[in-house]
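With this note's numbering as the guide, the letters of the sequence shown map in order to residues 15 to 154.
Read the structure below first, then the notes.
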Amino acid sequence: MNATLTGLCRRCPWNWDFFQGSCYIFSKIQSTWDASVSACEDMRAQLVVINNAEEQKFLKSWDIRNDKSTWIGLSDKHNEGSWQWVDNTHLHLSFWKEGEPNNQGEEDCAELSGDGWNDNKCSEEHFWICEKPSALCPGL
Numbered sequence: 015m016n017a018t019l020t021g022l023c024r025r026c027p028w029n030w031d032f033f034q035g036s037c038y039i040f041s042k043i044q045s046t047w048d049a050s051v052s053a054c055e056d057m058r059a060q061l062v063v064i065n066n067a068e069e070q071k072f073l074k075s076w077d078i079r080n081d082k083s084t085w086i087g088l089s090d091k092h093n094e095g096s097w098q099w100v101d102n103t104h105l106h107l108s109f110w111k112e113g114e115p116n117n118q119g120e121e122d123c124a125e126l127s128g129d130g131w132n133d134n135k136c137s138e139e140h141f142w143i144c145e146k147p148s149a150l151c152p153g154l
């Protein structure tokens with residue numbers, strides 16, 4: 015019976031990718047930053063919060079394969095210059111491209127773009143990445 019239950023347990027929902035204890039889904043449509051936040055919440059997830067260099071590298075590999083800028087869950091919408099993640103944690107580790115963030119024309123939302131992060135207008139439409147904790151599956 016236990017082997018049967020182990021076989022039924024999935025770390026992540028279908029079409030989600032597993033990495034370091036989290037599940038990720040990469041959008042196939044483009045949306046504004048706020049619409050991306052809502053789309054992730056509708057899936058009981060959040061716009062991705064990047065916690066370490068390994069996660070940045072994993073996400074960057076998807077971004078480079080698709081050659082598209084991708085929203086991440088970071089903004090300074092509520093307090094200019096004070097970057098905060100969607101889980102309300104403050105930015106400690108960052109991967110900004112050289113010269114970024116530059117706030118050129120009310121750029122308050124962060125995107126993964128090529129080899130680093132860029133600040134952009136939240137009203138721009140980009141692909142996005144949602145993240146949620148993986149399920150605990152015994153034996154996996």
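All C-beta atoms, glycine included, are put in the ideal place defined by N, C-alpha and C.
A quick note: this is a predicted structure, and the numbers were derived from the prediction, not measured.
For W28, the three-state DSSP class (helix, strand or coil): coil
Can you tell me whether W97 is buried or exposed? The criterion is at least 16 other CB atoms within 10 Å of its CB, across all chains shown. buried
Backbone secondary structure at C144 - three-state DSSP: strand
Within the same chain, show all residues whose beta-carbon is closer than 6 Å to that of D6, passing over the 5 residues directly before and after it, in chain order. In the structure as shown, the chain starts at 15 and stops at 154, and residue 6 therefore has no counterpart that could be examined.
Run through DSSP, which three-state label would Q60 get? strand
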